[in-house]
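Q: This is the structure I want to talk about, given as structure tokens.
In full-length UniProt numbering, the protein residues as written are 1 to 111.
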């Protein structure tokens, strides 16, 4: 997620995550970043209290007041299979498990 603000690299304190300086531009940027951080933290806390799934996308949507993108069952299965394919390559899943997931997708298409 981007704050959509700019700062000269030599004026940025990486450790503090703030702009260096006491001039108005530094104070304005730092204040904006502090408010943004508080809003993101509040969005995360709200999702935790709702017992919702926590992801970068869900926190961003909650912070921005947007509805998280919904998927159809078929889209969800395709996303699952894509993620599983990557895990098969890393040997976290067996090839047979992945093949069953592909067969499941094909079976759903027939319905």
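Here a beta-carbon is modelled for each residue, glycine too, at the ideal position from N, C-alpha and C. It should be emphasised that the depicted structure is a prediction, and the values quoted were computed from it without experimental measurement.
#1: Give every residue of the same chain whose Cβ lies closer than 8 Å to the Cβ of residue 11, excluding the five residues on either side of it in the sequence, and list them in chain order.
#2: Please classify residue 36: does DSSP put it in a helix, a strand, or coil?
#3: In whole angstroms, what separates the C-alpha of residue 46 from that of residue 92?
#4: If we ignore side chains and look at the alpha-carbon of each, how far apart do residue 87 and residue 79 end up?
#5: Roughly how many whole angstroms lie between the Cα atoms of residue 70 and residue 55?
A: Reading it off the structure:
#1: Locating residue 11 in the chain shown gives position 11, counting from the first residue. The beta carbon of residue 11 sits closer than 8 Å to the beta carbons of 19, 20, 21, 26 from its chain, once the five residues preceding and following it are set aside; these are given in chain order.
#2: For the purposes of this step, residue 36 is taken as residue 36 along the chain shown, with counting starting at 1. In this structure, residue 36 counts as helix in the three-state DSSP scheme.
#3: Position 46 of the chain shown, counting from 1, holds the residue named residue 46. Position 92 of the chain shown, counting from 1, holds the residue named residue 92. Cα to Cα, residue 46 sits roughly 33 Å from residue 92.
#4: The count along the chain shown starts at 1 and reaches residue 87 at position 87. The count along the chain shown starts at 1 and reaches residue 79 at position 79. In a straight line, the C-alpha of residue 87 is about 13 Å away from that of residue 79.
#5: As a position in the chain shown, residue 70 is number 70, starting the count at 1. As a position in the chain shown, residue 55 is number 55, starting the count at 1. Each residue's alpha carbon lies about 14 Å from the other.
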